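Since the structure comes first, as structure tokens, the remarks are kept for the end.
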Amino acid sequence: MSEPSSFFIATPIFYVNDVPHIGHGYTQVAADVLARWNRQNGKDAWMLTGTDEHGQKILRTAMANGVEPQQWADNLVEKAWLPLLETLDIANDDFIRTTDPRHEQAVQKFLTLLHDRGFIYQGDYEGFYCVGCEEYKQLSDLVDGEGEFEGQKVCPSHGRPVEVLKENNYFFTLSHFQDRLLELYREQPDFIQPESVRNEIIAFVTRGLDDLSISRAQLDWGIELPFDKDHVTYVWFEALLNYITATGWGSDEQEFERRWPAIQLVGKDIARFHAVIWPAMLMAAGLQPPRRVFAHGWLLVGGEKMSKTKLTGIAPNDITDVFGSDAFRYYFLRAITFGADGSFSWEDLAARYEAELANGFGNLSSRVVSMITRYFDGVVPEVAQSDLSDAERHIHDVLAEQTARANAAMDRFMVHEALAAIWVIVDELNGYLTEQQPWVVAKDEAARGRLAAVLYTAANGVRALAVLYSPVMPNACGLLWSALGGTRVLGELDQQLLSAAGAAEGLPTGHSVGALEPLFPRIDTE
Ligand SMILES: [Zn+2]
14 MSEPSSFFIA TPIFYVNDVP HIGHGYTQVA ADVLARWNRQ NGKDAWMLTG
64 TDEHGQKILR TAMANGVEPQ QWADNLVEKA WLPLLETLDI ANDDFIRTTD
114 PRHEQAVQKF LTLLHDRGFI YQGDYEGFYC VGCEEYKQLS DLVDGEGEFE
164 GQKVCPSHGR PVEVLKENNY FFTLSHFQDR LLELYREQPD FIQPESVRNE
214 IIAFVTRGLD DLSISRAQLD WGIELPFDKD HVTYVWFEAL LNYITATGWG
264 SDEQEFERRW PAIQLVGKDI ARFHAVIWPA MLMAAGLQPP RRVFAHGWLL
314 VGGEKMSKTK LTGIAPNDIT DVFGSDAFRY YFLRAITFGA DGSFSWEDLA
364 ARYEAELANG FGNLSSRVVS MITRYFDGVV PEVAQSDLSD AERHIHDVLA
414 EQTARANAAM DRFMVHEALA AIWVIVDELN GYLTEQQPWV VAKDEAARGR
464 LAAVLYTAAN GVRALAVLYS PVMPNACGLL WSALGGTRVL GELDQQLLSA
514 AGAAEGLPTG HSVGALEPLF PRIDTE
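Numbering (our numbering), first residue to last: 14 to 539.
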């Protein structure tokens with residue numbers, strides 16, 4: 014095993030046949046938050062994302078648009094996929110494209126290794142191929158077509174007829190790995206999560222595995238087999254390899270040792286590729302399987318899976334242009350149980366933005382900073398122990414408990430649970446201010462000590478929130494951190510240990526706070 018301090022998380026690489034929708038954004042944000050969280054707890058965290066650029070579907074789309082496939086891919090990467098990362102403030106460490114020479118060379122090396130080891134053989138294949146899925150279908154997978162395809166068998170995902178392909182192909186001996194895969198799932202019960210997906214995968218593998226056709230002899234767009242130049246590699250087989258070709262396998266063994274194995278964050282529809290084919294490929298090469306495959310659910314809009322083909326695709330910047338990227342990042346992780354399907358609606362987004370961000374976290378922060386400015390000339394007051402009451406001790410407990418709860422939830426990838434824990438702190442602090450009424454205490458000159466205790470406790474709580482929310486909302490938390498004087502007295506926000514965020518006296522005293530503009534401005538949602 015590599016060092017336990019390593020935390021390598023990878024998103025699936027995204028297919029460049031079209032532009033991103035919010036489902037892609039959701040995956041990116043989840044991976045980014047998990048990477049930032051672990052990095053900010055001292056792990057050697059590394060986040061990988063990228064694009065999948067080969068295959069028949071890309072070739073056909075490019076040809077239909079009158080351009081070469083490489084040109085098609087270059088254009089989409091530059092105009093759509095890289096800008097998505099900026100739009101959502103994704104702090105990825107690398108971006109791999111399957112047309113990168115580093116990928117193509119390592120894929121050929123991997124194929125040669127498996128061929129030499131006897132895990133690749135040549136044979137005839139006839140099957141039903143869905144170009145949309147880029148995979149062969151079993152007859153039992155197909156459903157009856159409707160409308161113009163009535164009377165034909167169609168792909169259940171694409172609703173379009175499949176093609177009957179017969180060709181002389183190369184095969185990967187996937188069937189040999191049934192027992193070893195079942196053993197992996199048994200020995201490492203959290204290898205596939207959530208449980209529903211794990212059960213489905215175990216049932217699938219238990220039924221038996223067919224060898225996998227891994228090459229195409231017909232006109233295609235892909236990486237040549239090193240041992241037969243008339244074939245290119247099946248797009249899924251080489252795309253999966255990005256997780257190791259990006260981390261130095263075959264070129265930089267030290268880097269590979271440092272990173273691998275990865276946590277694979279995937280949509281549940283591609284869990285089979287990542288939890289069955291991918292670990293088998295790695296076993297064949299004598300490499301460790303991924304650390305974990307975590308399948309998140311689908312985003313639903315009006316009950317349908319988000320995708321362009323269903324015409325419900327919403328571009329991420331449709332949301333960020335109105336609400337900002339912090340709100341995008343917060344909303345999807347807060348509102349949806351990570352691992353389950355979740356519904357998106359503009360109404361729900363607007364309601365949470367107003368209640369939790371503008372009126373909740375944002376307003377709390379502004380009030381605390383402005384009261385310190387008004388009552389203590391902007392200087393964070395010192396507190397005498399004798400001025401502390403049970404109310405302050407309760408807030409100390411809340412900070413410690415919810416910080417621990419948030420960290421434990423993030424360790425289990427339960428991002429929504431971590432955000433629910435942090436929300437308890439917002440809620441408790443707002444309740445605390447309502448009860449303590451510092452604006453009333455301020456009128457009593459003799460109660461300066463109590464006023465200091467209340468405002469310090471509130472300011473320290475807001476400090477904890479700035480730290481705990483920073484992996485999710487880096488922009489707003491950065492503004493708050495700088496208003497609290499955090500960088501001057503505690504150092505950079507992203508250097509603050511999340512596990513220590515709940516400290517009762519984490520904020521130094523005696524320094525000045527600065528002005529704080531509204532973190533989440535009111536939005537006219539007409
Ligand atoms: Zn299909």
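Think of the CB as a built atom: it goes at the ideal place given N, C-alpha and C, for glycine as much as any other residue.
Computed from a predicted model, the values in this text were never measured in an experiment.
State the Cα-Cα distance for the pair residue i and residue j, rounded to the nearest angstrom.
{"i": "residue 354", "j": "residue 505", "result": "36 Å"}
{"i": "residue 405", "j": "residue 467", "result": "7 Å"}
{"i": "residue 485", "j": "residue 309", "result": "18 Å"}
{"i": "residue 74", "j": "residue 146", "result": "14 Å"}
{"i": "residue 116", "j": "residue 110", "result": "8 Å"}
{"i": "residue 41", "j": "residue 86", "result": "20 Å"}
{"i": "residue 219", "j": "residue 290", "result": "14 Å"}
{"i": "residue 314", "j": "residue 519", "result": "42 Å"}
{"i": "residue 334", "j": "residue 84", "result": "29 Å"}
{"i": "residue 66", "j": "residue 112", "result": "7 Å"}
{"i": "residue 286", "j": "residue 332", "result": "31 Å"}
{"i": "residue 5", "j": "residue 190", "result": "One cannot answer for residue 5 here, as it falls past the ends of the chain, which runs 14 to 539."}
{"i": "residue 22", "j": "residue 130", "result": "29 Å"}
{"i": "residue 95", "j": "residue 27", "result": "11 Å"}
{"i": "residue 356", "j": "residue 349", "result": "8 Å"}
{"i": "residue 513", "j": "residue 154", "result": "51 Å"}
{"i": "residue 391", "j": "residue 118", "result": "60 Å"}
{"i": "residue 379", "j": "residue 93", "result": "36 Å"}
{"i": "residue 206", "j": "residue 385", "result": "46 Å"}
{"i": "residue 29", "j": "residue 80", "result": "14 Å"}
{"i": "residue 372", "j": "residue 346", "result": "19 Å"}
{"i": "residue 443", "j": "residue 210", "result": "40 Å"}
{"i": "residue 18", "j": "residue 272", "result": "10 Å"}
{"i": "residue 376", "j": "residue 370", "result": "8 Å"}
{"i": "residue 253", "j": "residue 234", "result": "16 Å"}
{"i": "residue 264", "j": "residue 239", "result": "17 Å"}
Along the chain, where does the beta strand (DSSP E) that runs through residue i open and close?
{"i": "residue 110", "result": "107 to 110"}
{"i": "residue 150", "result": "148 to 150"}
{"i": "residue 59", "result": "57 to 65"}
{"i": "residue 242", "result": "241 to 246"}
{"i": "residue 179", "result": "176 to 185"}
{"i": "residue 143", "result": "133 to 143"}
{"i": "residue 305", "result": "305 to 309"}
{"i": "residue 556", "result": "Within the shown structure, residues of the chain are numbered from 14 to 539, placing residue 556 beyond reach of any answer."}
{"i": "residue 277", "result": "276 to 280"}
{"i": "residue 378", "result": "Premise fails: residue 378 lies in the alpha helix (DSSP H), 376 to 389, not in any beta strand (DSSP E)."}
{"i": "residue 19", "result": "19 to 23"}
{"i": "residue 314", "result": "312 to 314"}
Within its chain, find whatever has a CB closer than 7 Å to the CB of residue i; leave out the 5 residues flanking it on each side and keep chain order.
{"i": "residue 50", "result": "423, 484 and 511"}
{"i": "residue 427", "result": "351"}
{"i": "residue 204", "result": "197, 198, 305 and 306"}
{"i": "residue 441", "result": "408 and 411"}
Which same chain residues, not among the five before or five after residue i, have their C-beta less than 6 Å away from its C-beta?
{"i": "residue 412", "result": "477 and 515"}
{"i": "residue 20", "result": "51, 56 and 58"}
{"i": "residue 186", "result": "132 and 224"}
{"i": "residue 382", "result": "496, 526 and 529"}
{"i": "residue 139", "result": "179"}
{"i": "residue 517", "result": "409"}
{"i": "residue 455", "result": "388 and 464"}
{"i": "residue 366", "result": "336 and 340"}
With a cut-off of 8 Å on the beta carbons, I'd call residue i and residue j a contact; round off their distance for me.
{"i": "residue 246", "j": "residue 144", "result": "Their Cβ separation, rounded to whole angstroms, is 17 Å, which puts residue 246 and residue 144 out of contact at 8 Å."}
{"i": "residue 445", "j": "residue 472", "result": "So it is not a contact: roughly 12 Å between Cβ atoms."}
{"i": "residue 522", "j": "residue 360", "result": "Contact doesn't hold; Cβ gap of about 43 Å is too wide."}
{"i": "residue 169", "j": "residue 156", "result": "5 Å"}
{"i": "residue 214", "j": "residue 250", "result": "In fact, because the Cβ distance is near 19 Å, the residues do not count as touching under 8 Å."}
Leaving out five residues before and five after residue i in sequence, what residues of the same chain have Cβ atoms less than 8 Å from its Cβ?
{"i": "residue 548", "result": "For residue 548 there is no data in the structure shown, the boundaries of the chain being 14 and 539."}
{"i": "residue 324", "result": "The predicted model places residue 324 with a pLDDT of 47, which falls under 50 and marks its position as unreliable; any figure quoted below should be read in that light. Hits under 8 Å: none found."}
{"i": "residue 275", "result": "21, 22, 23, 61, 256, 260, 303 and 304"}
{"i": "residue 193", "result": "293 and 296"}
{"i": "residue 243", "result": "230"}
Would you mind reading off the limits of the alpha helix (DSSP H) that contains residue i?
{"i": "residue 118", "result": "114 to 129"}
{"i": "residue 341", "result": "338 to 348"}
{"i": "residue 257", "result": "255 to 258"}
{"i": "residue 511", "result": "Per DSSP, residue 511 belongs to no alpha helix (DSSP H) and is neither H nor E."}
{"i": "residue 414", "result": "403 to 424"}
{"i": "residue 36", "result": "35 to 52"}
{"i": "residue 80", "result": "Note, residue 80: premise wrong, no alpha helix (DSSP H); not H, not E."}
{"i": "residue 500", "result": "499 to 503"}
Requested in this report: Please list, in chain order, all residues with a C-beta atom less than 5 Å from at least one heavy atom of ligand 1.
Outcome: 143, 145, 146, 168, 170 and 171
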